[in-house]
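The structure appears right after this line, and notes come after that.
2 protein chains.
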Amino acid sequence: MSKDFPGLLKEKGLKNTPTRRAILDVFSADCKPINAEYIHEKLKKSDINLVTIYRTLESFEEAGILKRVSLNKASSYYELAANHHHHLICTNCGTVEGFKECDIGDVSRKALKDSKFQTVSGHSLELFGKCKKCAKA
Amino acid sequence: MSKDFPGLLKEKGLKNTPTRRAILDVFSADCKPINAEYIHEKLKKSDINLVTIYRTLESFEEAGILKRVSLNKASSYYELAANHHHHLICTNCGTVEGFKECDIGDVSRKALKDSKFQTVSGHSLELFGKCKKCAKA
DNA sequence: CTCATAGGTGCAATATACTTGCATTTGCAT
DNA sequence: ATGCAAATGCAAGTATATTGCACCTATGAG
């Protein structure tokens, strides 16, 4: 995972501002899906407006810097897109753990076959279950 | 897909009301993920309160009658749980198409192996891409 | 280096999606 | 038939996200 945020922003045609670097830092520090509120909390010293965070998340997603993650929660969660992986989500306590295993090429190909779709460019896969702690109880 | 809604409701310990049968009818008629607003619109003749729809969706999900679908949209979408499948979602026009192919047992097993998780009880898989119509343009 | 400008940010207001409290009604077991 | 728990409607409230507008700043052209 590169941390050349100024370079990344320039490459995507986005301005290199302190606010944006700070937001990218938060993503880089916490390797888990996070939402706008979480970033706001982490950066409360810097007093960054929540509106700005929402707008930044939106433009980062458009630029392909971030990926929106489907966690079936009320608010939207994001992760760095470069760090592709999936999640195990505990249906009891909500713990989220990432995993890299991601061999869905076969499923993908079969799904396309009889569909009205031409190409598959990305996917989201989440597994729901019980973490060891909750499985005991 | 059984349409014995009274029986289904009884089995789950839920009361068999006209409102609930109407909501199940909507799910049964449209074989695609739908949200509360959509149901409200479809049932506007019956003048069912939106609050009731939200509460019904919640209790149906708890009862396992419905499954929440992750479409990365602002509102929550649901489908009949008995009808397990996944989706191809066009990143351009938003078209959603279902598919049955779903052989992720292997991925699931490998993911569990080095995790803090004990069991996997469900999953969500969405493929993003371009439908043939949008691929042309 | 300076300056113009497009893009970024903050504030206030607004919209959307959903939830809660409470009073009333209704399905259903007895 | 009837009593009660569950379901529903209404009004208000909360959480999450968006928009309009004024001001600010990074960046590239000169």
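From first to last, the protein sequence lines are chains A and B. Residue numbers 989 to 1125, in this note's numbering, belong to the letters of the first sequence in order. Residue numbers 989 to 1125, in this note's numbering, belong to the letters of the second sequence in order. Positions of the beta carbon are idealized from the N, C-alpha and C atoms, including for glycine.
As DSSP reads the structure, residue 1084 (chain B) sits in a beta bridge with B:1077. Spatial neighbours of residue 1076 (chain B) in its own chain (CB-CB distance under 6 Å, excluding positions within 5 residues in sequence) are listed in chain order as 1085 and 1115. Along the region 1071-1101 of chain B, the positions whose C-beta sits under 8 Å from a C-beta of chain A are 1074, 1076, 1078, 1079, 1083, 1085, 1087, 1089, 1090, 1091, 1092, 1094, 1095, 1096, 1098, 1099 and 1100, read in chain order. Selection A:1049, A:1103 and A:1119 evaluated against residue 1074 (chain B) yields A:1103 as nearest (Cα-Cα). The continuous beta strand (DSSP E) containing residue 1119 (chain A) extends over residues 1105-1119.
Minimum Cα-Cα distance from residue 1079 (chain B) among the listed residues A:1107, A:1031 and A:1125 corresponds to A:1107.
Beta-bridge partners assigned by DSSP to residue 1054 (chain B): B:1068. Taking all protein chains in view, the Cβ of residue 994 (chain B) is surrounded by fewer than 16 other Cβ atoms within 10 Å, so the residue is classified as exposed. At a cut-off of 8 Å between beta-carbon atoms, residue 1114 (chain B) makes contact with chain A.
Contiguous alpha helix (DSSP H) elements confined to the region 989-1063 of chain B occur at 993-999, 1006-1017, 1024-1030 and 1038-1051, taking only those with 4 or more residues. Residue 1124 (chain B) has its alpha-carbon roughly 32 Å from the corresponding atom of residue 1065 (chain A). Within chain B, the residues whose beta carbon sits less than 9 Å from that of residue 1056 (chain A) are 1060, listed in sequence order.
With respect to residue 1021 (chain A), residue 1089 (chain A) sits apart: the two C-beta atoms are not nearer than 8 Å. Neighbours of residue 1063 (chain A) in chain B, taken as residues whose beta carbon is under 8 Å from its own, are absent, since the nearest beta carbon is some 10 Å off.
Rounded to the nearest whole angstrom, the C-alpha separation of residue 1028 (chain B) and residue 1061 (chain A) is 22 Å.
Boundaries for residue 1102 (chain A): no alpha helix (DSSP H) harbours it, and the DSSP string shows neither H nor E there. Assignment of residue 1091 (chain A) by DSSP, reduced to helix, strand and coil, places it in the coil class.
Distance from the CA atom of residue 1005 (chain A) to the CA atom of residue 1034 (chain B), rounded to whole angstroms, is 53 Å. A:1008 is the residue among A:1013, A:1056, A:1008 and A:1057 whose C-alpha sits nearest the C-alpha of residue 1039 (chain A).
With a threshold of 8 Å between beta carbons, residue 1119 (chain B) makes contact with chain A. Collapsing the DSSP output to three states places residue 1125 (chain A) in coil. Chain-order list of chain A residues neighbouring residue 1110 (chain B): 1116, by C-beta distance under 7 Å. With a cutoff of 8 Å on beta-carbon distance, residue 1081 (chain B) and residue 1019 (chain B) are scored as not near each other. Contact of residue 1107 (chain A) with chain B by beta-carbon distance below 8 Å involves 1117, 1118 and 1123. Taking C-alpha positions only, residue 1097 (chain A) is separated from residue 1095 (chain B) by approximately 16 Å.
For the pair residue 1059 (chain B) and residue 1069 (chain B), the CB atoms are not nearer than the 8 Å cut-off. Within the same chain, and ignoring the five residues on either side of residue 1015 (chain A) in sequence, the residues whose Cβ sits closer than 6 Å to its Cβ are 1068.
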